[in-house]
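In our numbering, the protein residues as written are 1 to 67.
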């Protein structure tokens, strides 16, 4: 997969995750929650699923940048 597509996938996953964070914590608290463990969600939750998808996409892009 090209680095551009990896970047787009990471951006899409981040947007989806942050929309869920905003829905749960409100727009004001979402930016704080993002940098705290609570934005990762509980194991088995939809929020955790979205966070893991984002982290996987982000890490794939980061790995591609170093090659």
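We put the beta carbon where it would ideally sit given N, CA and C, even for glycine.
Only a predicted model underlies this, so the values are computations on that prediction, with no experimental measurement involved.
Inclusion of residue 62 and residue 51 in the CB contact set at 8 Å is not warranted, their separation being larger than that value. Non-local C-beta neighbours of residue 33 in its own chain, meaning closer than 6 Å and more than five positions away in sequence, comprise 21, 25 and 39, ordered along the chain. Ranked by how close their Cα comes to the Cα of residue 12, the residues 36, 57, 64 and 47 have 57 in first place. Cα atoms of residue 45 and residue 8: separation of roughly 24 Å, rounded to the nearest angstrom.
Buried is the label assigned to residue 10, since at least 16 other Cβ atoms lie within 10 Å of its Cβ.
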